[in-house]
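The numbering of the sequence shown is our numbering, which starts it at 17 and goes up by one.
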Amino acid sequence: MKCGALTDPQEIQILSLFNFMLPKKEISMVPDMGKWKRSQAYADYMGFILTLNEGVKGKKLTCEYQVSETVEKLLAMLATLDRWIDETPPVDQPSRFGNKAYRTWYAKLDQEAEALVTAVLPSERHDAAPEIAVYLKEAVGNSTRIDYGTGHEAAFAAFLCCLCKVGALRIEDQLAIIFKVFDTYLQVMHKLQKTYRMEPAGSQGVWGLDDFQFLPFIWGSSQLIDHPTLEPKHFVEEKVVNEYHQDYMFLESIKFINEMKTGPFAEHSNQLWNISAVPSWSKVNQGLIRMYKAECLEKFPVIQHFKFGSLLSIQPVKP
17 MKCGALTDPQ
27 EIQILSLFNF
37 MLPKKEISMV
47 PDMGKWKRSQ
57 AYADYMGFIL
67 TLNEGVKGKK
77 LTCEYQVSET
87 VEKLLAMLAT
97 LDRWIDETPP
107 VDQPSRFGNK
117 AYRTWYAKLD
127 QEAEALVTAV
137 LPSERHDAAP
147 EIAVYLKEAV
157 GNSTRIDYGT
167 GHEAAFAAFL
177 CCLCKVGALR
187 IEDQLAIIFK
197 VFDTYLQVMH
207 KLQKTYRMEP
217 AGSQGVWGLD
227 DFQFLPFIWG
237 SSQLIDHPTL
247 EPKHFVEEKV
257 VNEYHQDYMF
267 LESIKFINEM
277 KTGPFAEHSN
287 QLWNISAVPS
297 WSKVNQGLIR
307 MYKAECLEKF
317 PVIQHFKFGS
327 LLSIQPVKP
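Okay, here's the thing in structure tokens:
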């Protein structure tokens with residue numbers, strides 16, 4: 017199955033074709049956006065997102081799935097990032113937002129990223145570590161502005177996509193990629209956002225879907241497709257969220273919003289409130305995919321920061 021990145025064993029021999037390189041920015045002006053939309057990177061990235069979207073359809077976070085050695089190594093890597101937060105408490109400062117201790121935490125990741133990625137990769141693929149590590153460093157926020165947004169989240173999905181392209185993650189890992197790795201990444205990002213009071217990058221305020229994330233709503237709505245009792249109208253009820261958040265990523269994300277925001281849900285999260293009126297989860301899922309393309313992947317302020325290398329290439333899709 018060819019799916020934008022998840023590799024079957026017989027496709028592994030293609031990997032010798034990659035000349036690994038340090039990814040760099042290629043989208044410097046608004047007219048460059050066409051290059052991005054026609055690129056192999058865009059096709060691979062969207063293929064990856066949609067394959068995973070299909071894979072989690074109707075499945076709970078708590079269902080059974082296989083956990084490979086690479087997945088275990090990724091969880092260990094995320095546990096290290098989590099531990100560094102504990103070892104780097106926020107500093108006293110006059111400004112409430114953007115705690116400068118984040119920069120100390122980030123400097124540690126910047127220094128160790130390549131070694132962390134090398135530890136995840138099979139030995140015959142260590143040469144890919146410098147390229148893939150760039151996406152990990154881009155996936156945790158910006159150390160100058162101390163902010164985090166959907167572009168950083170996209171860099172983590174790109175990081176996972178690259179691990180698939182080099183064969184470290186396989187097609188049979190797809191449930192674990194979302195339910196274990198991505199879900200743990202979300203927990204670490206929530207902790208970073210809370211601990212260092214990170215600003216939302218490029219926030220649209222109440223008109224955006226969420227200050228920080230987007231993908232858990234896409235994949236989380238897919239999980240809920242054809243649910244026997246839960247409908248979109250239910251996620252605004254706190255009782256439902258508290259009861260089901262351990263099974264569904266969508267509700268887990270709503271729970272985090274409820275903890276972080278005060279006041280009526282319709283006011284602080286207007287877009288999500290509107291989504292609760294959509295009749296079915298499959299319609300929610302389709303609408304969110306369209307919105308993700310329009311609001312994130314086709315917005316210059318987000319994509320100008322995206323980096324392209326040999327694994328996610330700016331070259332046009334081969335006809």
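In this text, a Cβ means the ideal position worked out from N, Cα and C, and glycines have one as well. These numbers come from a predicted model, not from an experiment.
Over what stretch of residues does the alpha helix (DSSP H) that includes S292 continue unbroken?
From DSSP, S292 is part of no alpha helix (DSSP H); its letter is neither H nor E.
To the nearest angstrom, report how far apart C180 and D263 are at their CA atoms.
25 Å
Drop a sphere of 10 angstroms on the beta-carbon of L38, count the other beta-carbons inside from all chains shown, and report buried for 16 or more, exposed for fewer.
Residue environment for L38: exposed (fewer than 16 other C-beta atoms within 10 angstroms of its C-beta).
Any contact between the stretch 225-235 and the stretch 257-272? By contact I mean 3 or more CB pairs, one from each, below 8 Å.
yes
Taking Cβ positions, are S237 and V300 nearer each other than 8 Å?
Yes. Within cutoff.
Out of K196, E80, L328, K153, which one is the CA nearest neighbour of T86?
K196
Helix, strand or coil: which one does DSSP assign to N69?
helix
So, using beta-carbon positions, are E254 and N274 closer together than 8 Å?
Yes; because the gap between Cβ atoms is below 8 Å, this pair is in contact.
Taking the DSSP output, what are the residues bridged to N158?
By DSSP's assignment, N158 forms a beta bridge with D163.
If you run the structure through DSSP and keep just helix, strand and coil, what is S237?
Three-state DSSP puts S237 in a helix.
Tell me which same chain residues have a C-beta within less than 6 Å of the C-beta of L132, skipping the five on either side of it?
M93
Assuming contact is defined by CB atoms lying nearer than 8 Å, are L77 and D226 in contact in what I supplied?
no
Note the first and the last residue of the continuous alpha helix (DSSP H) segment covering R213.
Going by DSSP, R213 is part of no alpha helix (DSSP H) at all; its letter is neither H nor E.
Nearest to A149 by alpha carbon, out of A293, L288, C177, M205?
C177
For W297, which residues of its own chain have a beta-carbon under 7 Å away from its beta-carbon, when the five flanking residues on both sides are left out?
S237, L240, I241, H243, P248
Would you kindly work out how many angstroms separate the C-alpha atoms of G303 and G165, rounded to a whole number?
Per the coordinates, the alpha-carbon of G303 lies some 20 Å from the alpha-carbon of G165.
Go ahead and pull the three-state DSSP assignment for F324.
Three-state DSSP puts F324 in a strand.
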